[in-house]
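Trainee: Residue numbers (this note's numbering), protein chains in the order written: chain A, 170 to 211; chain B, 45 to 486.
(1) Taking only beta-carbon positions, decide if residue 187 of chain A is within less than 9 Å of chain B.
(2) Sort out for me which residues DSSP pairs residue 190 of chain A with in a bridge.
(3) Just to confirm my understanding: we take residue 223 of chain B, look at its own chain, exclude 5 residues before and 5 after, and list those with CB closer than 7 Å. What are they?
(4) Which of helix, strand or coil does DSSP assign to residue 268 of chain B?
(5) Is residue 249 of chain B helix, strand or coil when you go by DSSP?
(6) To the nearest angstrom, how far is the alpha carbon of residue 259 of chain B from that of residue 399 of chain B?
(7) For a cutoff of 9 Å on Cβ pairs, would you count residue 183 of chain B as touching chain A?
(8) Determine the closest residue to residue 317 of chain B out of B:356, B:275 and B:367, with distance taken between C-alpha atoms.
(9) Using beta-carbon positions only, say whether residue 111 of chain B and residue 406 of chain B come within less than 9 Å of one another.
(10) Would you tell me roughly how many angstroms separate the C-alpha atoms of residue 294 of chain B and residue 315 of chain B, rounded to the nearest one?
(11) Chain B partners of residue 181 of chain A, CB-CB under 7 Å?
(12) So residue 193 of chain A and residue 69 of chain B are supposed to be a Cβ contact under 8 Å. How far apart are they, rounded?
(13) Which residues in chain A sit within 9 Å of residue 317 of chain B, going by Cβ to Cβ distance?
(14) CB residue 99 of chain B to CB residue 157 of chain B, shorter than 9 Å?
(15) Per DSSP, which one or two residues make a beta bridge with residue 243 of chain B?
(16) Can you list, in chain order, the residues of its chain whose CB lies under 7 Å from that of residue 277 of chain B, leaving out five sequence neighbours each side?
(17) Go to residue 394 of chain B, then tell me how far its alpha helix (DSSP H) extends in each direction, as first and last residue.
(18) Assign residue 429 of chain B to buried or exposed, taking buried as 16 or more other Cβ atoms, counted over all protein chains shown, within 10 Å of its Cβ.
(19) Residue range of the alpha helix (DSSP H) that residue 407 of chain B falls in?
(20) Is there at least one Cβ from chain A nearer than 9 Å to residue 191 of chain B's Cβ?
(21) Which stretch, first to last residue, makes up the alpha helix (DSSP H) that contains residue 12 of chain B?
(22) For the segment 86 to 104 of chain B against the segment 195 to 206 of chain B, do three or more pairs of beta-carbon atoms, one drawn from each stretch, fall closer than 8 Å, so that the two count as touching?
(23) Hey, residue 225 of chain B and residue 166 of chain B: beta-carbon distance below 9 Å or not?
(24) Comparing the C-beta of residue 139 of chain B with each C-beta of chain A, is any distance below 9 Å?
(25) Which one of B:134, B:205 and B:288 has the shortest CA to CA distance from residue 231 of chain B?
(26) Pick from B:85, B:205, B:161 and B:238: whose alpha carbon is nearest that of residue 66 of chain B?
(27) If we ignore side chains and look at the alpha-carbon of each, how far apart do residue 395 of chain B and residue 444 of chain B end up?
(28) Could you please give the first and the last residue of the uninterrupted alpha helix (DSSP H) stretch that includes residue 210 of chain A?
(29) Would you report the Cα separation of residue 252 of chain B and residue 362 of chain B, rounded to the nearest angstrom?
(30) Does DSSP put residue 263 of chain B in a helix, a strand or coil?
(31) If we count Cβ pairs, one from each stretch, closer than 8 Å, do we get three or more for the segment 263 to 272 of chain B versus the segment 445 to 459 of chain B?
(32) I need the straight-line Cα distance from residue 108 of chain B to residue 101 of chain B, nearest angstrom please.
(33) Could you have a look at residue 302 of chain B and say whether DSSP puts it in helix, strand or coil?
(34) Rounded to whole angstroms, what is the Cα-Cα separation between residue 355 of chain B and residue 272 of chain B?
(35) DSSP three-state call for residue 223 of chain B: helix, strand or coil?
(36) In whole angstroms, give me the CA-to-CA distance for residue 326 of chain B and residue 199 of chain B.
Structure, rendered in structure tokens:
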């Protein structure tokens, strides 16, 4: 258990920050993969 | 906001990469400008050259603001820089919305090109120095994450902007509304970076590995006076030119290469090829720059330039014989192109230290602007001349590929000439300077 003087845990903030940037990037990568498959099917 | 925001005790360095990504994923939208070109041409009665003007001006402003604003960014800190990037980039869209709504095209050029372009340049360099200070043990990986974001920005913006135009309409009102939503959304998205970014406390050891403040200390002004800076300038310029050589004409190139074969490449397959190149560009940014932390910056640039030249040779000799070989070689070249962008800040840190690495990086980006002109000029002009001379298919590109190989060899030689910076260019650390002053006789 952290003492009063120990710095606060940032795990929640880290997860939220990474989710903030990962979500739109995942959308972009999904759209990219959809388009890239046309090279093999188009 | 007069001094850079210093991290409180317990602040995690893993909060800094998402802060950097929120800026780079936003400003990377610049490479998706082409989505707006056809609707603007129809709605405002423009030709192709006119509709490209906001993007071209934005890229020029990117280079200029990164080169001339770098020292200010170092002095004021990353939060100031990210705020400037947010205000300029978002205002650029808002001014453009006004321009589209009132059918005043000059406002779009001024907004997106001039004001937004300043946001691009300041935003691009804003997190570099801070990331290197937080990750002295893995500077390649840290800057690779951020600069990968610049590549990823277009991946997000391209389908997103297209869907928005489909919903709002492709007339001037629809474009204005799309610009407005872009401006507000990017402002909200970039706010995360402004709120989260912190600089490490001076003298604070990294969570692991070497100190962020150890190593050489060379000022930006001092760096441009060293041969190492100009060698790296040539290295970056040659590497980017070679990548743009493929990127600029990717779709027509793959179509031309296999036009005479039994299985010609369709327009949708060519579009798929372009998308695959974007993926290789992005993967190269994070993959190769992370690898540089293990194998060394000079070695990884040997790979980009040496293996890049050999890969170009493979395409030139056997590219039209095998589609998988052509695609594979193009992907490798594009991964080297992205890798070069992402690794160069860490290379600068190795040579000049983290003292003013952001400002030095800003000055080095003029190599990118030069390559942005050189690459397309070589490939387009030579292909046009070869076509006028009656050539067709893969023979349209033979000469320009030969030139690219020559440029990569020049870059390889420049990389071999890079040596550690002489101590006479180093700036004494504040404590050392104070000690030296005390030791001087009164």
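Heads up, the beta-carbon is just placed ideally off N, CA and C, and yes, glycines get one too. Remember, predicted model here, so these are calculated numbers, not experimental data.
Mentor: By the coordinates alone:
(1) Here residue 187 of chain A is taken as the residue at index 18 of the first chain, counted from 1. Yes, its Cβ sits closer than 9 Å to a Cβ of chain B.
(2) As a working note, residue 190 of chain A is residue 21 in the first chain. None; residue 190 of chain A has no bridge partner.
(3) On the second chain, position 179 is the one that residue 223 of chain B refers to. Same-chain partners within the cutoff: 137, 140, 141 and 144.
(4) Position 224 of the second chain, counted from the first residue, corresponds to residue 268 of chain B. Correct three-state label for residue 268 of chain B: coil.
(5) As a first step, residue 249 of chain B is located in the second chain; it is residue number 205 there, counting from the start. Bear in mind that the predicted position of residue 249 of chain B carries a pLDDT of just 46, short of 50, making it unreliable; the figure below should be weighed with that in mind. Three-state DSSP puts residue 249 of chain B in coil, outside helix and strand.
(6) Position 215 of the second chain, counting from 1, holds the residue named residue 259 of chain B. Position 355 of the second chain, counting from 1, holds the residue named residue 399 of chain B. Rounded to whole angstroms, residue 259 of chain B to residue 399 of chain B spans 9 Å at the Cα level.
(7) Stepping through the second chain from its first residue, residue 183 of chain B is reached at position 139. So, not an interface residue.
(8) As a first step, residue 317 of chain B is located in the second chain; it is residue number 273 there, counting from the start. Nearest C-alpha to residue 317 of chain B: B:367.
(9) Indexing the second chain from 1 puts residue 111 of chain B at position 67. Indexing the second chain from 1 puts residue 406 of chain B at position 362. The answer is yes: Cβ separation under 9 Å.
(10) Looking up residue 294 of chain B in the second chain gives position 250. Looking up residue 315 of chain B in the second chain gives position 271. If I take the Cα positions, the gap works out to 9 Å.
(11) Taking the first chain and counting its residues from 1, the one referred to as residue 181 of chain A is at position 12. Per Cβ cutoff of 7 Å: no residues; residue 181 of chain A is ~11 Å from chain B at best.
(12) Your numbering for residue 193 of chain A matches position 24 in the first chain. Your numbering for residue 69 of chain B matches position 25 in the second chain. With a Cβ gap of about 7 Å, residue 193 of chain A and residue 69 of chain B count as contacting.
(13) As a working mapping, residue 317 of chain B is identified with position 273 in the second chain. Simply 205, 207 and 208.
(14) By one-based count along the second chain, residue 99 of chain B stands at place 55. By one-based count along the second chain, residue 157 of chain B stands at place 113. It is a contact, given that the beta carbons lie within the stated cut-off.
(15) Locating residue 243 of chain B in the second chain gives position 199, where the first residue counts as 1. B:50.
(16) Taking the first residue of the second chain as 1, we reach residue 277 of chain B at position 233. Cβ within range, chain order: 408 and 411.
(17) Residue 394 of chain B sits at position 350 when you count from the first residue of the second chain. Where residue 394 of chain B is concerned, the enclosing alpha helix (DSSP H) stretches over 367 to 396.
(18) Sequence index remark: in the second chain, residue 429 of chain B carries index 385 (1-based). It is exposed - the Cβ of residue 429 of chain B has fewer than 16 other Cβ atoms within 10 Å.
(19) Your numbering for residue 407 of chain B matches position 363 in the second chain. From DSSP, the alpha helix (DSSP H) with residue 407 of chain B extends over 401 to 408.
(20) As a first step, residue 191 of chain B is located in the second chain; it is residue number 147 there, counting from the start. So, not an interface residue.
(21) An answer regarding residue 12 of chain B cannot be provided, because it is not within the stretch 45 to 486 covered by chain B.
(22) no
(23) If you number the second chain from 1, residue 225 of chain B lands on position 181. If you number the second chain from 1, residue 166 of chain B lands on position 122. No, the pair does not count as a contact, with Cβ atoms beyond the cut-off.
(24) Your numbering for residue 139 of chain B matches position 95 in the second chain. Closer than 9 Å: no.
(25) The count along the second chain starts at 1 and reaches residue 231 of chain B at position 187. Measuring from the Cα of residue 231 of chain B, the nearest candidate turns out to be B:134.
(26) Locating residue 66 of chain B in the second chain gives position 22, counting from the first residue. Nearest of B:85, B:205, B:161 and B:238 to residue 66 of chain B, Cα basis: B:238.
(27) What you label residue 395 of chain B is simply residue 351 of the second chain in a count that begins at 1. What you label residue 444 of chain B is simply residue 400 of the second chain in a count that begins at 1. About 33 Å.
(28) The residue labelled residue 210 of chain A in the question sits at position 41 within the first chain. It spans 207 to 210 - the alpha helix (DSSP H) in which residue 210 of chain A sits, taken as one unbroken run.
(29) On the second chain, residue 252 of chain B is found 208 positions in, with the first residue counted as 1. On the second chain, residue 362 of chain B is found 318 positions in, with the first residue counted as 1. The predicted model places residue 252 of chain B with a pLDDT of 48, which falls under 50 and marks its position as unreliable, so this point remains unresolved.
(30) Here residue 263 of chain B refers to the residue found at position 219 of the second chain. Coil at residue 263 of chain B, not helix or strand.
(31) no
(32) Stepping through the second chain from its first residue, residue 108 of chain B is reached at position 64. Stepping through the second chain from its first residue, residue 101 of chain B is reached at position 57. The straight-line gap from Cα to Cα measures roughly 10 Å.
(33) Mapped onto the second chain, residue 302 of chain B falls at position 258. Coil.
(34) One-based indexing of the second chain puts residue 355 of chain B at position 311. One-based indexing of the second chain puts residue 272 of chain B at position 228. Cα to Cα, residue 355 of chain B sits roughly 27 Å from residue 272 of chain B.
(35) On the second chain, position 179 is the one that residue 223 of chain B refers to. Here residue 223 of chain B sits in helix by DSSP.
(36) As a position in the second chain, residue 326 of chain B is number 282, starting the count at 1. As a position in the second chain, residue 199 of chain B is number 155, starting the count at 1. Spanning the two alpha carbons is a distance of roughly 10 Å.
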